[in-house]
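Per my numbering, the sequence shown runs over residues 7 to 630. Heads up, the beta-carbon is just placed ideally off N, CA and C, and yes, glycines get one too. Since this is a predicted model, take the numbers as computed values, not measurements.
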Amino acid sequence: MADPITRLFSLGSKLKNLPEDKEKAISGYGYYDWAKSAFECSVTLAIIPVWYTALFFKANGLTVSLFSQSMTADAVLSLVIAISTLSVAIISPPLGVIADRRLVKMRWLKILTVVGAGGTFLIALAPLFGSSSWIWIMVMYLFANIGLNGAGVFYNALLPHLGKPDELDDISNRAFAYGYLGAGFLLVLHLIILLATDFAEWAVQFSLASSGIWWYGFALITFAWVPEPPVENEMEKLKFRDAARFAVGEVTQTLKDYKDFPHLFLYMLAYFLFIDGINTVTALAGVYGTTVLGIGFTGLIIALLVVQFVAAPSAILFTKLAESKGTKQALMISICGWVFLCFAGLGFAPLELETHEDHDILYEWNEEDGAYSVYVSWSANDLAQKLDYEDDEFDEQAWAKQWAYLLPTEVNEDDKDILEWSWGDSEDEPNKIKLLGIPNSNITSFLDSMDSTRFSVSILGGALDGEANVGVDHPTNLGDGVLDSIPIWARDNIWKPLGMGVFLQFIVLGCFMGTLLGGSQGLARSLFGQIVPETRSTEFYSFLGFFNKVAAFLGPALYFFMSVMYDSRAGIFSIAFLLLLGAILLYRVDIDAGIEDAKAEDNRIRKLLAETTEADYDSMHNKD
């Protein structure tokens, strides 16, 4: 009898009346996506960026010196991620070769799951290390990422062994659906606890520890239900040096033999481009939302939940599309959707500020006192905490200190040189500062100073009633960017007539993103599984993983370059061309020919294995 989750994802599936062992194996495969999604969503996207940054700042201030370089919190964290992904990218192809020759796929999956889930659990112990807590997080997060990325190689390599080629779409997309739904459920639980406790330290620790337990606990289902794929004529165990020499030799030979797998390697190149674009969009959507559109934390979290719960059913819908149109065509539709999403993203823009309450800094006349009071909106962005500015940069801290007597600010608890907003107890009870004895001319001068900022100000009542100003870098202030004509047109002709503010726009963006994620990731994995030789699945999946990890560098680098040279919208525009180029190369991939190449390689290796006993593994790829 299938469990409730399996029955849910079996609705509409063509995989009916399966033998019990195969049904359990497919469900067990899906449960690993369900398991690891705890780290990918709750930890990576929601908790670590905020908590790590807070502990880093408390211990070091704005920067810390590493390798004789001054680094900010985000720079250190990105370094950790880069080291972990690069490490896995380098070692995974040789490990993949060994895994295809010995019964070790599940063993390595278990080991790397322990590393990843254990590292996630241990992050929660950070407060025990006092001022070094940020270092503990950095080290454990490194282990967790190595576990996640390394396990992914062996996990993905199980796919071709779970069903026939025409079943892989269903199996792969179903597994991704498991992951999206599992991530959504756990994220909701964590957010309830965090918001109810006002992000209390124990609540953060609980969320991290429970993510590690969730990962390992549900992975046990995978370990119990998914069998070790068979290896024909398993090679003898080698010493470490011999195994390393053999693995490196096989990888080198595979690269030399790329002409024997033209469609497989062309697909990997296409995958490199379009997955680079997809990963860049998903990774930077939050930053784009906050910096360009002015979305707050609540909006980001809601959009993240929308992505998770939309992606789960869309993965199943794309399975049906693949059944009717073919896997390649369904994947092409998804990638073209990503291209459209990038271009559409250029048109999202906050509505122009029309009411007093829409602004960030609010002055209101008090008849009793005969003076203005001032408070800051809860939707306003934080004051920048940077102190060291280049000559051409606007010094936000200096500006805040200059006008501190007209602003609701307070000194940062950890660094007395830094000012931050004093919001008040709640949105309904802001911290209103009375400006007794302050001439109106001073307030007028302050309004003029707003030109160079990213904030807005409005005055209600009194002699200055109706006066307002919007800074040049405020999200609603468009016109200076090379592509700003697009969001201006969209705002005037779409968003304003519909009355859709930026929050609703971002939710729409999240819906589209969730829909496309549900179709692209699962289909990309299953299509590769159709054209990869079953006898060398782990080796080739490790190459695919290598491309995935390298892509993690290039897409963000391109976005960074275009954003610096022009602006963030130009960065998104450039990513659209990565996706478009990937779609063009994918169109040129002949899937049927790739399947025939894979069958020929499997037949060759099986024949060779049948004729050899122990030794001749070094000639496995020698076609002469």
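task = From the DSSP output, in three-state form, read off tryptophan 427 for me.
result = Strand.
inquiry  = Per DSSP, what are the beta-bridge partners of isoleucine 465 in this structure?
reply    = Paired residues: Tyr369.
message = Give me, in chain order, the residues of the same chain whose beta-carbon lies closer than 6 angstroms to that of isoleucine 424; leave out the 5 immediate sequence neighbours on both sides.
response = Same-chain partners within the cutoff: Gln391 and Asn418.
request  = Counting only the same chain and skipping the five closest in sequence on each side, list residues whose C-beta sits under 6 angstroms from that of isoleucine 611.
outcome  = Counting only Cβ-Cβ distances below 6 angstroms, and skipping sequence neighbours, we find Thr541.
query = With burial defined as no fewer than 16 other Cβ atoms inside 10 Å of the residue's Cβ, what is the status of leucine 174: buried or exposed?
reply = Buried, by the Cβ-count rule.
inquiry  = Quick check on the DSSP output: what are the complete beta strand (DSSP E) runs of length 3 or more inside the stretch 340 to 384, in order along the chain?
reply    = Runs of the beta strand (DSSP E) inside the stretch 340 to 384: 367 to 372 and 377 to 382.
task = Answer with buried or exposed for tryptophan 495, where buried requires no fewer than 16 other C-beta atoms within 10 angstroms of its C-beta.
result = It is exposed - the Cβ of tryptophan 495 has fewer than 16 other Cβ atoms within 10 Å.
Bridge partners - glutamate 416, DSSP secondary structure assignment = The partner list for glutamate 416 (beta bridge, DSSP) reads Glu426.
task = Specify whether the stretch 582 to 602 and the stretch 486 to 500 touch according to this definition: at least 3 beta carbon pairs, one from each stretch, less than 8 angstroms apart.
result = No, they do not touch.
request  = Go through its chain and collect everything with a Cβ distance to glutamate 358's Cβ below 6 angstroms, but skip five positions before and after it.
outcome  = So the qualifying residues of the chain are Thr482.
query = For serine 432, which three-state DSSP category applies?
reply = The three-state reading of DSSP puts serine 432 in coil, since its state is none of H, G, I, E or B.
Cβ distance (whole Å) where aspartate 366 is taken to contact serine 462 below 8 angstroms = With a Cβ gap of about 5 angstroms, aspartate 366 and serine 462 count as contacting.
request  = Can you have a look at isoleucine 284 and say buried or exposed, based on whether 16 or more other CB atoms are within 10 angstroms of its CB?
outcome  = The C-beta of isoleucine 284 has 16 or more other C-beta atoms within 10 Å across all chains shown, which makes the residue buried.
task = Report yes if the C-beta distance between alanine 309 and glycine 516 is below 9 angstroms; otherwise report no.
result = Contact flag set, yes.
Unbroken alpha helix (DSSP H) run spanning alanine 474, endpoints = DSSP places alanine 474 in no alpha helix (DSSP H) but in the uninterrupted beta strand (DSSP E) bounded by 474 to 476.
request  = Examine the Cβ distances between the stretch 346 to 357 and the stretch 200 to 218 and report whether three or more of them are shorter than 8 angstroms.
outcome  = When Cβ pairs closer than 8 angstroms are counted between the two stretches, the stretch 346 to 357 is seen not to touch the stretch 200 to 218, the count staying below three.
request  = Taking lysine 42 as part of the alpha helix (DSSP H), name the residues at either end of that continuous run.
outcome  = DSSP places lysine 42 inside the alpha helix (DSSP H), whose first and last residues are 26 to 44.
request  = For tryptophan 405, count neighbouring Cβ atoms within 10 angstroms of its own Cβ and tell me buried if that reaches 16, exposed if not.
outcome  = Buried: at least 16 other Cβ atoms inside 10 Å.
ask   = Of all Cβ atoms in chain D, is any one closer than 9 angstroms to the Cβ of aspartate 175?
value = Of the chains in the structure shown, none is chain D; there is only one protein chain.
query = Given that a residue counts as buried once 16 or more other Cβ atoms are within 10 Å of its Cβ, and exposed if not, what is glutamine 527?
reply = Counting every other CB atom within 10 Å of its CB across the protein chains shown gives glutamine 527 a total of 16 or more, marking it as buried.
query = For threonine 228, which residues of its own chain have a beta-carbon under 6 angstroms away from its beta-carbon, when the five flanking residues on both sides are left out?
reply = If we look at threonine 228 and ignore the five residues flanking it on each side, its Cβ neighbours are Gly34, Tyr37 and Tyr38.
inquiry  = Can you list, in chain order, the residues of its chain with a C-beta nearer than 7 angstroms to that of leucine 484? Leave out the 5 residues immediately preceding and following it.
reply    = The residues Ala355, Asp490, Pro493 and Ile494, in chain order, have a CB closer than 7 angstroms to that of leucine 484 in the same chain once the five nearest residues on each side in sequence are set aside.
inquiry  = Am I right that leucine 165 and serine 532 are in contact with their C-beta atoms under 8 angstroms? What's the rounded C-beta distance?
reply    = Here leucine 165 really is in contact with serine 532; their C-beta atoms are around 7 angstroms apart, less than 8 angstroms.
query = If you check the beta carbons only, do isoleucine 601 and glutamine 536 fall under 9 angstroms apart?
reply = For isoleucine 601 and glutamine 536, yes; Cβs fall inside 9 angstroms.
inquiry  = So, at 7 angstroms on beta carbons, what are the nonlocal neighbours of methionine 338 in its own chain, with the 5 sequence-adjacent residues on each side left out?
reply    = These residues qualify, in order along the chain: Ala589, Leu592 and Tyr593.
key: Sequence ranges, alpha helix (DSSP H) only - wholly within the stretch 120 to 170, length at least 4   = Taking only runs of at least 4 residues, the alpha helix (DSSP H) segments lying wholly in the stretch 120 to 170 are 139 to 163.
message = Assuming the contact rule is C-beta atoms closer than 8 angstroms, isoleucine 449 and tyrosine 378 should be a hit. Round their C-beta distance to whole Å, please.
response = With 8 angstroms as the limit, isoleucine 449 and tyrosine 378 qualify as a contact, their Cβ atoms being about 7 angstroms apart.
ask   = Under the three-state reduction of DSSP, which class applies to lysine 438: helix, strand or coil?
value = Looking at lysine 438 - three-state DSSP - the assignment turns out to be coil, as it is neither helix nor strand.
query = Which residues bound the alpha helix (DSSP H) around threonine 59?
reply = For threonine 59, the enclosing alpha helix (DSSP H) stretches over residues 54 to 66.
query = CA-CA distance, isoleucine 141 and alanine 206?
reply = Taking the straight line joining both Cα atoms gives about 21 angstroms.
ask   = Between Ala202, Tyr186 and Trp114, which lies nearest to glutamate 46 when the distance is taken from Cα to Cα?
value = Residue Tyr186 is the option with its Cα nearest to glutamate 46.
task = Use the C-beta contact count for glutamine 511: other C-beta atoms within 10 angstroms, 16 or more gives buried, fewer gives exposed.
result = Looking at its Cβ environment, which holds 16 or more other Cβ atoms inside 10 Å, glutamine 511 is buried.
ask   = Where does valine 313 sit, in a helix, a strand or coil, going by DSSP?
value = Three-state result, valine 313: helix.
query = Touching or not, the stretch 121 to 129 and the stretch 149 to 166, by the rule of three or more beta carbon pairs under 8 angstroms?
reply = Look at the beta carbons and you see the stretch 121 to 129 touching the stretch 149 to 166: at least three pairs across the two are nearer than 8 angstroms.
ask   = Among Gly169, Ile54 and Ser428, which residue has its Cα nearest to the Cα of serine 383?
value = The shortest C-alpha separation from serine 383 is found at Ser428.
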